[in-house]
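*Asks:* Just so you know, full-length UniProt numbering puts 12 at position 12 of the sequence shown, and the rest follows in order with no gaps. Could you have a look at this structure, given as C-alpha cells, before my questions?
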Amino acid sequence: TERAARECTYTDFLKCQPLPFKSTEGVVSLSKLCERMESVFHISNCTAENQVKFATCTLHSVALTWWNTHVQTVGHEAAYGMS
1 TERAARECTY
11 TDFLKCQPLP
21 FKSTEGVVSL
31 SKLCERMESV
41 FHISNCTAEN
51 QVKFATCTLH
61 SVALTWWNTH
71 VQTVGHEAAY
81 GMS
C-alpha cells in the first residue's frame, strides 16, 4: 500500500541542509544554489506555497537586504506568493 506524503515543515526542509546564499559568490555559485534548492524541495516534499518562504530563509548579507527591500516594495503577500 502507498503511504500519503505529509507536508514538509520548515524543520524537514532544514534537515536537507539547503545552502545559504550571500549574493557575493557569483553566477556559478548561484546556479549551484538553485540546483541544490530544487533538490531540497523535491527531497523534502516542499509544497509550492512554502518554497519561497523556506528558500528566502537561506538568504544572508546583501541577498537578505535585497529580499527585505523587495518585500517592503511589493508587499508581504505578493512577495511570498511568488513560486
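We put the CB at the ideal spot given by N, CA and C, even for glycine. Since the model is a prediction, treat every value here as computed from it, not as a measurement.
Could you give the DSSP three-state label for Leu59: helix, strand or coil?
*Replies:* Three-state DSSP puts Leu59 in a strand.
*Asks:* For the pair the region 32-48 and the region 8-23, tell me if three or more CB-CB distances fall below 8 Å.
*Replies:* Counting Cβ pairs under 8 Å, three or more are found: they touch.
*Asks:* For the alpha helix (DSSP H) containing Leu33, list its first residue and its last residue.
*Replies:* That run of the alpha helix (DSSP H) goes Val27 to Ser44.
*Asks:* How is Thr1 classed by DSSP in three states: helix, strand or coil?
*Replies:* Residue placement at Thr1 is flagged as unreliable, the pLDDT there being 49, under the threshold of 50; the coordinate-derived value follows with that caveat. Reduced to three states, the DSSP call for Thr1 is coil.
*Asks:* Buried or exposed for His60, please, with buried defined as at least 16 other CB atoms from any protein chain shown within 10 angstroms of its CB.
*Replies:* Answer is exposed; the Cβ neighbour count stays below 16.
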